[in-house]
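Residue 0 is where the sequence shown starts when you use numbering that gives the first Met the number 0, and the numbers rise one by one after that. No residue lacks a Cβ here, since even glycine has one placed at the ideal position from N, Cα and C. Keep in mind that this is a model prediction, so the values were computed, not measured.
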Amino acid sequence: MHRELLEQYGELSSTWAESALASCLRRLSTSSLSEEWGVGVADAWTDGPDAFCVVYRYMTVAKTLGIRMTQSGPPPVADTADAGRFGREVADFDIGEPLGTVANNLRQDKNGVDWWGYLDADTPEKTT
């Protein structure tokens, strides 16, 4: 699935979200940090022009996680002007690291995905 998503989003770059997501997926496929934790990507999509979502699992944890990141999220945020750099940082320092205290604030959706990041009132859903 990760390879298919990378092919789908790897060629897109018309919006900040598409560029950031493509960079995040590329980094997850090559990063030693995500490899160390056994990160497997189940799905990913853009959520408008300035947000993206990644659904993933750590191979050693029986929980499916989702993260939604935005260009204009509340502080503290990384430098978001460079979408590629932001996507790589999300891969390395958000998805590629253990949850820590974030695990106390996960929001589960109707499909059992535990979400975190910059969430709206409703948990993210992929539109088809």
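Bridge partners - residue i, DSSP secondary structure assignment
| i | result |
| --- | --- |
| Ala43 | Val53 |
| Gly106 | It should be pointed out that residue 106 corresponds to Arg in this sequence rather than to Gly. Trp114, per the DSSP bridge assignment. |
Span of the beta strand (DSSP E) around residue i
| i | result |
| --- | --- |
| Thr69 | Thr63 to Thr69 |
| Asp119 | First-last for Asp119: undefined, no H or E at that position. |
Bounding residues of the alpha helix (DSSP H) (the contiguous stretch that carries residue i)
| i | result |
| --- | --- |
| Gly99 | It is not in any alpha helix (DSSP H) - Gly99 carries neither H nor E in the DSSP assignment. |
| Thr29 | Trp15 to Thr29 |
Simplified DSSP assignment, three categories, for residue i
| i | result |
| --- | --- |
| Val89 | helix |
| Gly37 | coil |
| Ala82 | helix |
| Met0 | At Met0, the pLDDT of 49 sits below 50, so the modelled position is not reliable; the number obtained from the coordinates is stated separately. Residue state, collapsed to three classes: coil. |
Own chain partners of residue i with C-beta closer than 6 angstroms, once the 5 adjacent residues on each side are dropped
| i | result |
| --- | --- |
| Trp44 | Cys52 and Lys125 |
| Gly99 | none |
Other residues of its chain near residue i: CB distance less than 7 angstroms, five sequence neighbours each side excluded
| i | result |
| --- | --- |
| Pro123 | Asp46, Cys52, Gly65, Arg67 and Trp114 |
| Trp15 | Pro48, Asp49, Gln70 and Ala82 |
| Thr59 | Gly37 |
| Asp108 | Trp114 and Thr122 |
| Ile94 | Leu27, Ser33, Val38, Val53, Tyr55 and Ile66 |
Own chain partners of residue i with C-beta closer than 8 angstroms, once the 5 adjacent residues on each side are dropped
| i | result |
| --- | --- |
| Arg56 | Val38, Gly39, Ala41, Lys62, Thr63 and Leu64 |
| Val112 | Val54, Thr63, Leu64, Gly65 and Thr122 |
Cβ of residue i within 8 angstroms of any chain B Cβ
| i | result |
| --- | --- |
| Leu24 | The displayed structure is made up of one protein chain only, and chain B is not part of it. |
Next item on the list: Check whether the region 99-111 touches the region 78-90, counting contact only when three or more Cβ pairs, one atom from each stretch, lie closer than 8 angstroms.
Entry: no
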